[in-house]
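The opening position of the sequence shown corresponds to residue 2 in this note's numbering, with each subsequent residue numbered one higher. The beta-carbon is built from N, C-alpha and C at its ideal position, and this holds for glycine as well. The model shown is predicted, which means the values in this text are computed figures rather than measured ones.
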Amino acid sequence: MVTPRTGSGAVRRAVGGDVRLTVCPDYRDDYLGQQVSKLHADEFTDADLICHVDSDVVFTRPVSPADLLDAGLPWIVRRAVSLLGRHRPWLAPTEEFLGRPVAYDFMQQPPFTYPRWLYPEVRALSLARHGIPLDRYVAGRPPRGFSEFNVLGAHAYAAHRAEFAWYDADAHTDTYPDTGTDAARVPRLCRWYWSRGGIDAALRRELEEITGGYARAATPDHSLRHSGRSGLDDPCH
């Protein structure tokens, strides 16, 4: 488990002594800080593949590592930028960091799984292109000024396309001539909610159906709790 320095004592008391706890730095903007932590995920585990699951994502079926792979390759769902609405604040920061146009949104379907070697490559990009460590680059961005999963996905698509399986969120269109992916094959392992949207009666019933009633006990204040830490990470990684 990984937790920011602030509050690490309380986390230690909560999880007990059987859990290996790693303390990561605090950041002025924790929305950006949690992205820095995720982009160092390979330093917190020796796993070959790292899967990120946000705190507002609920699995709807049992999931094993095999479900995260297609013919041995981690899968990523993409959607063409041309098919998105006008509100896409992640696009310009992603293109600015990578130094090239980005044609797809790679945050279409969680969970997000990457091989461990992708993370140091992205950190090296920060040094090569911007002359500063990735931590400083991300922490220096304006609010909401970075998208870690789009950076990871866009870099993977540009530099290691053959090392991933690419699913198309809109495979029924002719937008993707380089793939024959069937829309029905897009993995549906979980449902993705908005962590700050709260829980009304209808959503509570849906969550209880998915979790077998656990949602009633887990969300007594009628809101989805979100600390800014997700994936390896909420409220700690």
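Straight-line measurement puts the Cα of ARG145 at about 33 angstroms from the Cα of ALA67. In the DSSP assignment, THR212 falls within the alpha helix (DSSP H) that extends over 202-212. Assignment of PRO75 by DSSP, reduced to helix, strand and coil, places it in the strand class. Here TRP91 has SER148 and ASN151 as same chain residues with Cβ atoms under 7 angstroms from its own Cβ, once five neighbours each way along the sequence are excluded.
Rounded to the nearest whole angstrom, the C-alpha separation of HIS41 and GLU164 is 20 angstroms. Taking GLY154 as the centre and dropping the five residues before and after it, the same chain places the C-beta of ILE77 and PHE107 closer than 6 angstroms to its C-beta, in chain order. By the CB criterion at 9 angstroms, PRO75 and PRO116 fall inside the cutoff. For PRO116, the three-state secondary structure derived from DSSP is strand. Beta-bridge partners assigned by DSSP to ALA81: TYR105. DSSP, read as helix, strand or coil, puts ASP27 in coil. DSSP places ARG62 outside any alpha helix (DSSP H), giving it a letter other than H or E. With a cutoff of 9 angstroms on beta-carbon distance, PRO5 and ASP136 are scored as not near each other. The alpha carbon of VAL24 has as its nearest neighbour, out of VAL37, GLY17, TYR32 and THR7, the alpha carbon of THR7. LEU190 is not a Cβ neighbour of ILE200, given a cutoff of 9 angstroms.
Of LEU99, ARG162, VAL103 and ALA166, the smallest CA-CA separation from VAL139 is found for LEU99. ARG79 is the residue among ARG79, PRO112 and ASP57 whose C-alpha sits nearest the C-alpha of ASP171. Looking only at LEU204, GLU97 and ARG29, the smallest Cα-Cα distance to ARG130 is reached by GLU97. Taking C-beta separations shorter than 6 angstroms and ignoring five residues to either side along the sequence, the partners of TRP193 in its chain run VAL58 and PRO111, following chain order.
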